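Sequence lines, in order, name chains A and B. Residue numbers for the first sequence follow the working numbering, so the first one is 1066 and each next one is one higher. Residue numbers for the second sequence follow the working numbering, so the first one is 1066 and each next one is one higher. Note that the Cβ used here is the ideal one computed from N, Cα and C, for glycine as well. Computed from a predicted model, the values in this text were never measured in an experiment. Data block below; observations after.
Number of protein chains: 2
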Amino acid sequence: MTGLKTMLNPKVTAVVGVSTSNPFNPGNVIFRKLAFENGLPTYPVNPKGGTVEGVPVHKSITAAPDDIELAVISVPARFVPSVLTECGEKKIRSVIVVSGGFSEVGDAGASLQSEIATIANKYNITLVGPNCIGVFVPDVLDTFFLPSERVARPRKGNVAIISQSGGWLIERLEEFAARDVGISAAISIGNAAQTNVTDFVKHFGQDDRVNVILAYVEGFGEGLGRDFVEACKKIVPTKPVVVLKGGESEAGHRATQSHTSSLAGDYAISNAAFNQYGVIHATDEDEVMAYAKVFSFKPKFMLGSRVGTLSVSGGHGVIASDEASYYGLTMPPFSKEQQAAMREVMTPAYQGIASFRNPCDLTGSASDIDYEQVLEKMLEFDTIDAALLLLLPYAPGISLQIGARVANVAKRHKKTVVAYVPNLNKYEVIIRGFELNGIAVGDTIEEAVQMLNGIRKRSKYLQDIGKI
Amino acid sequence: MTGLKTMLNPKVTAVVGVSTSNPFNPGNVIFRKLAFENGLPTYPVNPKGGTVEGVPVHKSITAAPDDIELAVISVPARFVPSVLTECGEKKIRSVIVVSGGFSEVGDAGASLQSEIATIANKYNITLVGPNCIGVFVPDVLDTFFLPSERVARPRKGNVAIISQSGGWLIERLEEFAARDVGISAAISIGNAAQTNVTDFVKHFGQDDRVNVILAYVEGFGEGLGRDFVEACKKIVPTKPVVVLKGGESEAGHRATQSHTSSLAGDYAISNAAFNQYGVIHATDEDEVMAYAKVFSFKPKFMLGSRVGTLSVSGGHGVIASDEASYYGLTMPPFSKEQQAAMREVMTPAYQGIASFRNPCDLTGSASDIDYEQVLEKMLEFDTIDAALLLLLPYAPGISLQIGARVANVAKRHKKTVVAYVPNLNKYEVIIRGFELNGIAVGDTIEEAVQMLNGIRKRSKYLQDIGKI
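Structure below.
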């Protein structure tokens, strides 16, 4: 799959299927993005010739210049085989087919899909699609056939996202942008006639710029589920692979049939299988974000399930306890001595109203420095394996600097720390203070607990296989 | 509890415990809010006299004028009994005690708390607190002792929120404001020395401006759990009561001990009990928002569990199927005839690529009018009880008018309809279009499914008791 590297960083591209009359045609949208937004030399192609956006249109791939590294094909399904053959003859190594009308529409489409896979293999073309929305690499490449204003583009970062559903992928991009989580690439694999999720997992497994691989999968072809988990197993010791599997309920499974017509063959790849191979299995979209985000920070390991919790609101501690309990994490009560040690470093006036049993509630009277000093003490206790900071910044003594200050306390310790701060503009300085200093911030208490759960699951797997 | 009405709409107020030297003192924050933000005549009180913000300070409640309807007390716990007695002698009927240092700090505090309850009862004072953050009524009253910039204030609306945790309440206000869900009041009951969650449920049950009552409860005193559900049972036929119970896990329950020191007596009030009395039991904060929001729209009933789903992305349909399955909702496949009827009204060019089995996937090629016309057909089918619209507006044919247009289709039918649209600024027109026309919008697929689950639970209860 050497073509993948070129596909994600091509020097010259072509778009087959532009319209000289309709600027909203998907091919035209892709052409404008590649040529004007990504600044790549891009040849538009249409049998009728003419010009698009002032650029001359080539009548065929064959008639276009020879330096094309990536061709994006957006023509009706029945024309795709001949265009792909031309690409092969021209030794273009990377092709994305965004056209629909293949296996997702029944038997005739399925046979057309086999045909293009055969052509791609014959010519050594690396093919993504058909029935996909394309590939997005921040600052490099955007082949999505959707107007720019419709799709958020997260900043460059270290999460690679691979999705069998274009809609799901778009939704994640919106969410990643809103949460300021950077990505290294977003891949819509569509019907996966040739390259599939496993190929991309292997590719990103080798890419040092990627810290986390996130995949949305509805189904695997016969035997391909095992390939997938085997590939993950090799990568997991180096970087986490997070998977959401759509169609896990019977109803959802039935729904996948009309979508990408995934085969039922390896439907049985289950939570147990994911766990066995060290794959982090997200059960819903909230967990997807929690795990992808926390692992993008390369968090410290969590060598047991015991969490020390620090809040400024008793109710938050209660909610966190319930959530932690759901995930099998514990909050062991601190001993009298531990409680006294933490109480001692609080501002004297508030020592009497703060509570230190675990969860600890410093109350709305606490200040930044109380929070810092109690955390410093707590992280020294060998009865906990991680700290959870619940920080609704409503307490008047909490300043916008608390994120950076507390993160710097955490840096001095070996235990993993995650925080909860609501994702509101007014708290951006706090969130940024945490995150620039390596502490992931969840935007709900639940998400912060899920982050710890992800870290614990991964750490336990690595302990079990003797890697930590 | 006639004092509650006055408490939530007082004509004249007093704040006991202002500082003449420290403007950040909680009493001063409350004074400024009442006097300057709510525009209420407000008397500041401090034994030392002087002035605050240019207003003369009275040396005691006794020395203040006689027209006070609500007094907010923010003095150290040990002084609260005598101040409260003065309020009683002065015939002030409503008092909020924000001071901490009562049952939450142990036996001495608990006995002080009994004392103030006794005084309140003796003088027929309606008392909220102690250890609470106060009461917020949009456009009327804000006694929260937190600086305004720290706490969002949702617009006026029809959800009444009652919380045993101040932090939890603040967090909901942030979330309600961010989601543009209006509230009628937000009450922090604190330690509930006298008035408790049940009193407020009864009060809001009688208030026609309230469509939904939302309560966060950690525990009930001995016997009070039964009072609560009995009160709910009387109200539920008229309006939904949504409850999140903190401390449901063993760990969470332990955590409540150090928080509001709730008694374990009625800890056993469980999901089964809530269901039996028609209370909508939210299991986490996501469900809280889903249920509170959807019921604020007074949605149509859902007479069975069958959902017809309409999306522009197959992946969304798959995710929704999984979520629905979790909640016991079904998406029965449409018959060949039903599928043909929906297909027939699609734009001819896209009839071949759309899928109508349920979930229906109109694909990214669909336009507003396709969506409208297919929904119109679907809502006629007697094989479904509700419609779920999944509308990530990435498809170029979907305009910002789609919300209002589709909501108007829904208006003509008896079935309940909810939508999913991501809560992003760029889609505000779509969301507003739906919501101004009576369709609640979830900001995740999960939330939209939870909304249907809430409607179905309530409808089923009302069916079971013969009310619909």
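- Across the stretch 1505-1528 of chain A, CB contacts with chain B closer than 9 Å involve T1509, I1510 and E1511, in sequence order along the chain.
- For S1164/B, there are no neighbours in chain A by C-beta distance under 8 Å, as the nearest C-beta there is about 10 Å away.
- In the DSSP assignment, L1192/A falls within the beta strand (DSSP E) that extends over T1191 to V1193.
- Only S1228, Q1229, S1230, G1231, G1232, W1233, L1234, I1235, E1236, E1239 and E1240 from the stretch 1222-1241 of chain A bring a Cβ to less than 9 Å from some Cβ of chain B.
- In the three-state reduction of the DSSP assignment, R1237/A falls in the helix class, which pools H, G and I.
- The beta-carbon of S1390/A is placed less than 8 Å from the nearest beta-carbon of chain B.
- Counting C-beta pairs closer than 8 Å gives fewer than three between the stretch 1365-1378 of chain B and the stretch 1272-1291 of chain B, which falls short of the contact rule.
- For G1380/A, the closest C-alpha among the options G1232/B, N1186/B and I1254/B is that of G1232/B.
- Residue nearest to A1258/B within the set S1335/B, V1081/B and I1161/B is I1161/B (criterion: CA-CA distance).
- For the 8 Å CB-CB criterion, V1514/B and A1389/B form a contact.
- For L1211/A, the C-beta contacts it makes with chain B under 9 Å involve G1429, Y1459, A1460 and P1461, in order along the chain.
- In this structure the stretch 1102-1115 of chain A touches the stretch 1083-1094 of chain A; the number of beta carbon pairs closer than 8 Å is three or more.
- In the DSSP assignment, F1201/B is bridged to D1207/B and A1251/B.
- Closest option to Q1341/B, judged by alpha-carbon separation, among A1419/B, K1304/B, R1291/B and S1376/B: R1291/B.
- Residues D1207 and S1213 of the same chain have their beta carbon placed closer than 8 Å to that of E1102/A, with the five preceding and five following residues left out of the count.
- Interface annotation, V1377/A: in contact with chain B, CB-CB separation under 8 Å.
- The beta carbon of V1137/A lies closer than 6 Å to those of V1080, I1095, I1161 and T1208 in the same chain, with the five residues before and after it left out.
- Of all alpha-carbon atoms in K1401/B, V1294/B, S1361/B and A1357/B, the one lying nearest the alpha-carbon of F1339/B is that of V1294/B.
- Taking a cut-off of 8 Å for Cβ pairs, the stretch 1443-1461 of chain A and the stretch 1477-1488 of chain A touch, as three or more such pairs fall below it.
- The contact set of P1487/A on chain B, defined by CB atoms closer than 9 Å, consists of E1236, E1239, E1240 and A1243 in chain order.
- Leaving aside the five residues that flank V1216/B on each side, the residues in its chain whose CB is nearer than 7 Å to its CB run, in chain order, F1209, I1235 and L1238.
- Listed in chain order, the non-local C-beta contacts of L1149/B below 6 Å within the same chain comprise I1181 and I1184, local neighbours out to five positions each way being set aside.
- When DSSP states are grouped into helix, strand and coil, G1114/B belongs to the coil group.
- Counting of Cβ neighbours within 10 angstroms places S1524/A among the buried residues, the total reaching 16 or more.
- Annotation for K1522/B: the continuous alpha helix (DSSP H) segment containing it runs I1510 to D1529.
- Interface with chain B (8 Å Cβ-Cβ cutoff): F1399/A is excluded.
- Between T1107/B and T1078/B, the beta carbon gap of about 5 Å places them in contact (Cβ cut-off 8 Å).
- Residue ranges of uninterrupted beta strand (DSSP E) with 3 or more members, entirely inside the stretch 1134-1197 of chain A and ordered along the chain, are 1135-1138, 1159-1162 and 1191-1193.
- Distance from the Cα of K1076/B is smallest, within the candidate group P1088/B, A1100/B and Q1466/B, for A1100/B.
- Taking the Cβ atoms as the reference, D1435/A lies roughly 15 Å from Y1459/A, outside the contact range of under 8 Å.
- Nearest in C-alpha terms to N1189/B, of all of I1157/B, S1125/B and S1464/B, is I1157/B.
- The alpha helix (DSSP H) runs lying completely inside the stretch 1340-1417 of chain A and spanning 4 residues or more are 1350-1361, 1379-1391, 1401-1409 and 1413-1416, given in chain order.
- Here D1426/A carries a strand assignment [DSSP, helix/strand/coil].
- Counting only residues of its own chain and dropping the five nearest sequence neighbours on each side, A1251/A has a CB closer than 7 Å to the CB of F1201, I1226, L1234 and L1238.
- Within a 10 Å sphere around the beta-carbon of R1097/B sit 16 or more other beta-carbons, which makes this residue buried.
- Residues of chain A with a Cβ closer than 7 Å to the Cβ of D1349/B are, in chain order, E1511.
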